[in-house]
Amino acid sequence: MIELKSADEIGRMAVAGQFVGGLLAELRGVAAVGVNLLEIEQHARRRIKERGAESCYWDYAPSFGRGPFRNVLCLSVNDAVLHGLPHDYVLRDGDLLSIDMAVGIDGWNADSALSFVVGTPDPADLKLIEATEAGLEAAIKAAQPGGRLGDISAAIGEVAHAYGYGVNAEFGGHGIGRTMHEAPHVSNDGRAGRGMRLEPGLTLAIEPWLCATTDKIRYDQDGWTIRSADGSRTAHSEHTVAITESGPQVLTARPTTIPPAA
């Protein structure tokens with residue numbers, strides 16, 4: 001069942017979204033060469049507790065994981081793209097890190113992700129990250145009232161293919177609101193003009209992710225971490241978006257300046 005949200009409920013989701021966007025920007029500042037992934041996880045736990053928020057990831061136990069998930073972040077490095085378990089790993093110069101986070105405040109949830117290079121970037125990695133960001137931007141522009149769900153999927157796929165990347169459709173975006181994962185599923189490739197009609201009040205987590213030289217994935221033995229099948233680099237971008245009468249509203253926009261990490 002798909003629940004359309006009122007303007008007031010979208011406003012409540014925006015409160016969670018503002019916190020998620022701000023904390024992701026802060027975590028980007030925390031991540032640096034020589035920093036352990038567990039330090040980033042602990043920083044996020046502290047911030048979430050201080051805000052009185054709740055992690056959507058903690059105790060999450062879907063059919064595909066070896067759960068329950070006992071972290072507040074997904075931290076995916078280099079060839080890992082989704083659901084990376086925070087573990088004892090010290091970031092190295094040139095690592096490509098993806099941070100994914102979903103948080104609830106007063107019963108309303110928001111979900112977002114970003115990818116970036118720690119230290120010295122490889123141009124190929126920057127291109128891959130740019131493709132996910134461009135795909136996300138195109139998808140958000142396509143999330144217009146009266147349109148179709150396939151418009152969003154097609155926008156992502158068109159950008160990915162234009163950049164020269166394949167698309168894996170096993171995991172994609174999703175509805176979000178009172179819970180982290182709601183209907184509908186939002187594929188990262190599709191045909192414009194197809195699928196359900198986009199109505200004001202629909203709230204979606206749109207999340208293009210790409211692997212550099214394959215569209216196949218594999219799982220780590222931890223049952224969670226998803227990697228490119230051929231070991232190539234990966235990237236992931238995500239925002240929570242509300243469809244309104246006047247167009248799409250990004251609820252997890254990040255501040256343009258990175259706040260200091262305390």
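Per the UniProt record's numbering, the sequence shown starts with residue 1, numbered consecutively. Built from N, CA and C at the ideal position, the CB exists for glycine as well.
DSSP assignment within the stretch 29-103 yields the following whole alpha helix (DSSP H) runs of 4 residues or more, N-terminal first: 37-51. The residues 81 and 236, in chain order, have a CB closer than 6 Å to that of residue 209 in the same chain once the five nearest residues on each side in sequence are set aside. Its chain contains 91, 92, 93, 118 and 119 as the residues whose beta carbon lies nearer than 7 Å to that of residue 33, once the 5 sequence neighbours on both sides are disregarded; these appear in chain order. Residue pairing by DSSP puts residue 109 in a beta bridge opposite 104. Counting along the chain, no beta strand (DSSP E) covers residue 251, and no H or E run does either.
Taking the Cβ atoms as the reference, residue 72 lies roughly 7 Å from residue 101, within the contact range of under 8 Å. In the three-state reduction of the DSSP assignment, residue 19 falls in the helix class, which pools H, G and I.
Assignment of residue 12 by DSSP, reduced to helix, strand and coil, places it in the helix class. Three or more pairs of CB atoms, one per stretch, sit closer than 8 Å, so the stretch 136-155 contacts the stretch 239-252. In the DSSP assignment, residue 204 falls within the beta strand (DSSP E) that extends over 203-206. With fewer than 16 other beta carbons inside 10 angstroms of its own, residue 2 counts as exposed.
Excluding its 5 nearest sequence neighbours in each direction, residue 224 has C-beta neighbours in its own chain below 6 Å: 65, 83 and 85, listed in chain order.
Under a 10 Å Cβ-count criterion, residue 5 is classified as buried, with 16 or more other Cβ atoms of the shown protein chains found around its own Cβ. Counting C-beta pairs closer than 8 Å gives fewer than three between the stretch 37-53 and the stretch 178-190, which falls short of the contact rule. Partner residues in the beta bridge of residue 238, as assigned by DSSP, are 113.
Rounded to the nearest whole angstrom, the C-alpha separation of residue 158 and residue 135 is 8 Å. Taking C-beta separations shorter than 8 Å and ignoring five residues to either side along the sequence, the partners of residue 148 in its chain run 192, 193, 194, 195, 196, 197 and 198, following chain order. Annotation for residue 149: the continuous alpha helix (DSSP H) segment containing it runs 149-163. In this model, residue 221 and residue 227 are separated by some 11 Å (Cα to Cα).
Using a C-beta cut-off of 8 Å, the stretch 202-217 makes contact with the stretch 154-173, since at least three inter-stretch Cβ pairs fall below that distance. If you check the CB distance, residue 151 and residue 12 do not come in under 8 Å.
Following the DSSP letters along the chain, one finds residue 123 inside the alpha helix (DSSP H) bounded by residues 123-142. Note that the C-beta distance between residue 22 and residue 56 is not below 8 Å. With distances taken between CA atoms, residue 167 lies nearest to 217 out of 121, 244 and 217. Nearest C-alpha to residue 52 among 15, 29 and 87: 15.
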